[in-house]
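Undergrad: To start, I am sharing the structure in question, which I have written as C-alpha cells.
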Amino acid sequence: MSFLHHAKVERFLKLGYSHSDILRVLDSLDHDAQTNNILEELIKICHTRTHGSKSVPGSPKLVPRGCSPCASLSRAGPDQEPAAAFRPVVIDGSNVAMSHGDKKTFSCQGIQLVVNWFWDKGLRDITVFIPLWRKEPRPEALITGFASEWSLSGQQ
1 MSFLHHAKVE RFLKLGYSHS DILRVLDSLD HDAQTNNILE ELIKICHTRT HGSKSVPGSP
61 KLVPRGCSPC ASLSRAGPDQ EPAAAFRPVV IDGSNVAMSH GDKKTFSCQG IQLVVNWFWD
121 KGLRDITVFI PLWRKEPRPE ALITGFASEW SLSGQQ
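full-length UniProt numbering applies: residue 1 is where the sequence shown begins, and numbers increase by one.
Shown next, in the form of C-alpha cells:
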C-alpha cells in the first residue's frame, strides 16, 4: 500500500468509516480519486446500508460506523418544523470574511451571504464565530461591510 493510499485510509478512518468500506470504495475508484469523490461513495454505501436493510422487529438496530443513526429518526413529521431535521450550522466567520475579501479585507458581506444561503435553505440554527481581535480594523486587514455584522448579531 502506497503512502498516499495509506493516508487516504487513515483520513476516512478518523471520520468513522470502517476499514472494509474504505478499501472497497478506494478499489472501485481511480487511484488518483479526489477526497470529495471518495467521501461521496462512502456516503452512498452508508445510506444504502442503513435504508436498504430491513431489521427484525425487537432486534437491536446495527448502524455502520460513520453513518448517523439519527438520519432516520430525525425526519420531520407533519407537525414538526422542516428546519428541525437539520443539524446546527457553525460558521468560521473569520475564514469566510477573509476569503470573500480576497485575503486583503475582512468582508462582513461574505458572512452575510453565507448566513443568507443557509437561511434560504430553511436552516435557522446558525452560529458565526468571529475572534475578538477581528472586531477592530487592522492595517493589514481592513473591515468592510461592518453594518452587516451588526445586523447579523441582532438576528437570533
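For each residue, glycine too, the CB sits at the ideal point set by N, CA and C.
Could you tell me which residues DSSP pairs with ILE91 in its beta bridges?
TA: Answer by DSSP bridge pairing, in chain order: VAL128.
Undergrad: Does the beta-carbon of PHE3 have 16 or more other beta-carbons within 10 angstroms, so that it is buried, or is it exposed?
TA: It is exposed - the Cβ of PHE3 has fewer than 16 other Cβ atoms within 10 Å.
Undergrad: For residue 186, which option in GLN112, GLY93, TRP117, LEU113 has the closest C-alpha, if you only look at C-alpha atoms?
TA: One cannot answer for residue 186 here, as it falls past the ends of the chain, which runs 1 to 156.
Undergrad: Is the beta carbon of ASP21 closer than 8 Å to that of ILE45?
TA: Result yes, Cβ atoms of ILE45 and ASP21 sit closer than 8 Å.
Undergrad: One question on the structure: do VAL96 and ILE111 come within less than 8 Å of each other, judged by their Cβ atoms?
TA: Yes, these two residues count as a Cβ contact at 8 Å.
Undergrad: Would you mind listing the alpha helix (DSSP H) stretches within the UniProt domain "Rege-1 UBA-like" (5 to 45) that are 4+ residues and don't spill past its ends, in chain order?
TA: Qualifying alpha helix (DSSP H) stretches, in chain order: 19 to 28.
Undergrad: How is PHE118 classed by DSSP in three states: helix, strand or coil?
TA: Correct three-state label for PHE118: helix.
Undergrad: Below 8 Å on the Cβ atoms is my guess for residue 160 versus ILE126; work out the distance and round it to an integer in Å.
TA: With the chain represented from 1 up to 156, any question about residue 160 goes unanswered, as that position is not in the structure.
Undergrad: Skipping 5 residues on each side, what residues in its chain have a beta carbon closer than 6 Å to that of GLN34?
TA: Hits under 6 Å: none found.
Undergrad: Quick one: does CYS46 have its CB under 8 Å from some CB of chain C?
TA: Considering every chain present, this structure includes no chain C. It has just one protein chain.
Undergrad: Out of curiosity, what's the CA-to-CA distance linking PRO60 and LYS104?
TA: Here the model assigns PRO60 a pLDDT of 46, short of 50, so the residue's position is not dependable, and the following value carries that caveat. Roughly 54 Å between the two C-alpha positions.
Undergrad: Leaving out five residues on either side along the sequence, give the residues of the same chain with a beta carbon under 7 Å from the beta carbon of VAL128.
TA: Excluding positions up to five away in sequence, the list reads ILE91, GLY93, ILE111, VAL115, LEU152.
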